[in-house]
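K.L.:
I'd like to ask you about the structure that follows.
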Amino acid sequence: MSAVASMRDSILRADTRLSKYHPLSRILFYDDFDEGVNGWCELVGNHAGNLDDIREIARDFRPPQLSSCTFFDIGTHGSIEGTYSLKLATRAVPNHAAIAIKRLTYMRRGLVQFETYFTFKAEQTFDRAALSGWDGNKAPSERQFGDFSFSNDICDGENGKRYMGLVRYLNTDVDGNLVQKWMHKTSVQPTTRMERQGVVPPNQDFHTVNPDDWEEIPGGNQPLCFNETASKVNWHYLKWIMDTSRRRMVELQCNDNVMDLSSIEVPVYDGHYHGLPNLLNFLLDVRTRTNVRNFLYLDSVLVSVDW
Amino acid sequence: MLRRSFTAVLEKNSTFTSDFATEPYEAGWALEARWFVRILEISPGAGLTMTAQISPDGLFWCDEESGPFCLNEVGLASMPLRNFGQWLRLDARLSGKNPHVKVLIYLAVKG
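Chains as they are written, first to last, in my numbering: chain A, 111 to 417; chain B, 1121 to 1231.
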């Protein structure tokens, strides 16, 4: 290791906020949600001024919230450091998704590494009947949590190819059965233009043409620490690397599970999209499969690059 | 350090034909808030009465002390709040014969 690299490493390790991360050579942004929303906003479908024109699936992705993780039984849980985390909350409507986005452009193509500490919860319910068979350990609430995803939206320079990398944690299937696997998608996310041109029918899953366009990531079986109640928050480390020079995902790490993504084909759009040169968007989402609100919390986010 | 602010759009061109409440919104970090309700369409004779509600947990709600504000025509109205604790929502009651209303609802928070 060079003297400069060694010094940088020492500085990072001594920084109590950054030392829990593993950034590449340049930190593009570090978001501590005790400092505000840091540019994460609600995704909205395309329109030209009339909100009625937004296609149904993309008109209600809900505004993100700065959450103190406060619950009815214990009060405020707080985040890893400080009080606040970024929270995405669905409606209490089956298949409703909340999606937040942060929009940048890129200077060069290469490695883009997304890191975060996250947790996920379903809203507390009070249906005594649902507690039938409760053993005091397995939380009924865990089966009321659907899935969450981390994704991006990238467009090579003007008239370049557009594609979206994505990793989804599928906690339950549509019937409420625990799946607990990391998934990748096999089709593009239908765009407003595709739908208006009749290329695809209105989609039911925002990220894919068909709801079943998903495959398990090799090694993606990974129960996470839901921890027994709807109000116990345990933060998980996640690192996801994309190589925009190859239009490929590289690796996904969640806690001690490291998954090689290099053999996975990232779907690429047909044709070109105007007005998106060097697009580099980051997205977070959570989806409920039941009539219970689902929440995704991020303590902080660090995105770094090798350019 | 500049004060932090955030505007959430809680309903976007949403049409209602009966009473409703906005989704819970966490604002414990903010010192002040202001609801903005923009009525895009409202049926003749209909009225929309809105009461700010507060909650310690996002699950159980009570009315905030400011009292309701009422709208019965197209336009924009607002309502300020302070000392509201952790969660905010609007409870909306729709009156009139076969009423319908189309609204945009914003929550602007600052602290």
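Every residue gets a Cβ at the ideal spot worked out from N, C-alpha and C, and that includes glycine. Just so you know, these numbers come straight off a predicted model, no measurement behind them.
Identify the contact partners of Val1221 of chain B in chain A, using a Cβ-Cβ distance below 7 Å as the criterion.
P.N.:
Simply none; closest approach about 15 Å.
K.L.:
Residues of the segment 301-329 of chain A with a CB closer than 9 Å to any CB of chain B: list them in chain order, please.
P.N.:
If the cut-off is 9 Å between Cβ atoms, the segment 301-329 of chain A has nothing near chain B.
K.L.:
Arg357 of chain A to Val413 of chain A, Cα distance in whole Å?
P.N.:
Using only the alpha carbons, I get a separation of about 17 Å.
K.L.:
At least one CB of chain B closer than 9 Å to the CB of Gln175 of chain A: is that the case?
P.N.:
At least one chain B Cβ lies under 9 Å of Gln175 of chain A.
K.L.:
Below 6 Å CB to CB, which residues in the same chain sit around Phe139 of chain A once its five sequence neighbours on both sides are set aside?
P.N.:
Around Phe139 of chain A: Val413.
K.L.:
Alpha carbons only, please: which of A:Gly330, A:Leu371 and A:Val378 is nearest the one belonging to Thr318 of chain A?
P.N.:
Thr318 of chain A has its Cα closest to that of A:Val378, out of A:Gly330, A:Leu371 and A:Val378.
K.L.:
Could you pull out every residue in the same chain whose Cβ sits closer than 7 Å to the Cβ of Pro312 of chain A, ignoring the five residues on either side in sequence?
P.N.:
The answer, listed in chain order, is Arg165, Glu166, Ile167 and Glu305.
K.L.:
State buried or exposed for Phe260 of chain A, treating a residue as buried only when at least 16 other CB atoms are found within 10 Å of its CB.
P.N.:
With 16 or more other Cβ atoms within 10 Å, it is buried.
K.L.:
Can you give the Cα-Cα distance for Ser112 of chain A and Arg118 of chain A, rounded to whole angstroms?
P.N.:
Approximately 10 Å, taken between the alpha carbons.
K.L.:
I'd like to know if Leu1210 of chain B contacts chain A, where contact means its C-beta is closer than 9 Å to some C-beta of that chain.
P.N.:
It does not: the Cβ of Leu1210 of chain B has no partner Cβ on chain A nearer than 9 Å.
K.L.:
Looking at Val1221 of chain B: is its Cβ nearer than 9 Å to the Cβ of Leu1168 of chain B?
P.N.:
In contact: Val1221 of chain B and Leu1168 of chain B (Cβ atoms closer than 9 Å).
K.L.:
Would the beta-carbon of Ile1225 of chain B fall within 9 Å of that of Thr1171 of chain B?
P.N.:
Result no, Cβ atoms of Ile1225 of chain B and Thr1171 of chain B do not sit closer than 9 Å.
K.L.:
Decide if Gly243 of chain A is buried, meaning its Cβ has at least 16 other Cβ atoms within 10 Å, or exposed.
P.N.:
With fewer than 16 other Cβ atoms within 10 Å, it is exposed.
K.L.:
Excluding the five sequence neighbours on either side, which residues of its own chain have a C-beta within less than 6 Å of the C-beta of Arg213 of chain A, listed in chain order?
P.N.:
So the list reads Asn391, once near-sequence residues are dropped.
K.L.:
Are any of the Cβ atoms in chain A nearer than 9 Å to that of Leu1196 of chain B?
P.N.:
No, Leu1196 of chain B lies away from the interface with chain A (no Cβ there is under 9 Å from its Cβ).
K.L.:
Taking 9 Å as the cut-off, decide whether the C-beta atoms of Ser1240 of chain B and Ala1228 of chain B are in contact.
P.N.:
The question about residue 1240 of chain B has no answer here: the residues shown for chain B are numbered 1121 through 1231.
K.L.:
Indicate whether at least one CB of chain B lies closer than 9 Å to the CB of Leu161 of chain A.
P.N.:
Yes, Leu161 of chain A counts as interfacial toward chain B.
K.L.:
Which ranges does the alpha helix (DSSP H) cover as unbroken runs of at least 4 residues, wholly within the segment 253-312 of chain A, from first to last along the chain?
P.N.:
302-306, all fully within the segment 253-312 of chain A.
K.L.:
Put Ser135 of chain A into one of helix, strand or coil per three-state DSSP.
P.N.:
Ser135 of chain A falls in the coil class under three-state DSSP.
K.L.:
Measuring only the C-alpha atoms, how far is Thr180 of chain A from Gln307 of chain A?
P.N.:
Roughly 45 Å between the two C-alpha positions.
K.L.:
Helix, strand or coil: how does DSSP classify Met1121 of chain B here?
P.N.:
In the structure shown, Met1121 of chain B sits in coil (DSSP, three-state: anything other than H, G, I, E or B).
K.L.:
Counting only beta-carbon separations shorter than 9 Å, does Thr193 of chain A have a partner in chain B?
P.N.:
Yes - at least one Cβ of chain B is within 9 Å of the one on Thr193 of chain A.
K.L.:
Mind listing the chain A neighbours of Gln1206 of chain B? Cutoff is C-beta to C-beta under 9 Å, in chain order.
P.N.:
Within chain A, the residues near Gln1206 of chain B are Ser178, Thr180 and Thr186.
K.L.:
How would you write the range of the alpha helix (DSSP H) that Val114 of chain A sits in, first residue to last?
P.N.:
Taken as a continuous stretch (DSSP letters only), the alpha helix (DSSP H) holding Val114 of chain A covers Ala113 to Ala124.
K.L.:
What number of angstroms, rounded off, separates the C-alpha of Phe182 of chain A from the C-alpha of Arg403 of chain A?
P.N.:
Roughly 15 Å between the two C-alpha positions.
K.L.:
How would you write the range of the beta strand (DSSP E) that Ser1186 of chain B sits in, first residue to last?
P.N.:
Counting along the chain, Ser1186 of chain B falls outside any beta strand (DSSP E), and DSSP gives it neither H nor E.
K.L.:
Beta strand (DSSP E) containing His346 of chain A: first to last residue?
P.N.:
Here the beta strand (DSSP E) through His346 of chain A covers His346 to Asp353.
K.L.:
Mind checking if Phe1180 of chain B is an interface residue toward chain A, Cβ cutoff 9 Å exclusive?
P.N.:
Taking Cβ atoms only, chain A reaches closer than 9 Å to Phe1180 of chain B, which makes this a yes.
K.L.:
Who does Glu325 of chain A pair with in a DSSP beta bridge?
P.N.:
Note: Glu325 of chain A sits in a beta bridge opposite A:His294.
K.L.:
Run down chain A in chain order and give the residues with a C-beta less than 7 Å from the C-beta of Trp1155 of chain B.
P.N.:
Those within 7 Å of Trp1155 of chain B in chain A number zero; the least Cβ separation is about 14 Å.
K.L.:
Count Cβ pairs between the segment 1185-1196 of chain B and the segment 1144-1164 of chain B that sit closer than 8 Å; are there 3 or more?
P.N.:
Yes, since at least three Cβ pairs between the segment 1185-1196 of chain B and the segment 1144-1164 of chain B fall closer than 8 Å, the two stretches touch.
K.L.:
Give me the chain B residues within the contact set of Gln254 of chain A, using Cβ-Cβ distance strictly less than 7 Å, ordered along the chain.
P.N.:
Result: empty, since nearest Cβ-Cβ is about 14 Å, beyond 7 Å.
K.L.:
For the structure I just gave you, are there three or more beta carbon pairs, one from the segment 227-243 of chain A and one from the segment 203-219 of chain A, closer than 8 Å?
P.N.:
Because the criterion of three Cβ pairs below 8 Å is not met, the segment 227-243 of chain A and the segment 203-219 of chain A do not touch.
K.L.:
What distance in whole Å lies between the Cβ atoms of Arg1123 of chain B and Gly1231 of chain B, which are believed to be in contact at a cut-off of 8 Å?
P.N.:
Contact holds; Cβ gap of about 7 Å.
K.L.:
Do you know offhand how far Met369 of chain A's Cα is from Ser129 of chain A's?
P.N.:
About 22 Å.
K.L.:
In the DSSP output, which residue or residues are listed as bridge partners for Asn331 of chain A?
P.N.:
Beta-bridge pairing links Asn331 of chain A to A:Lys291.
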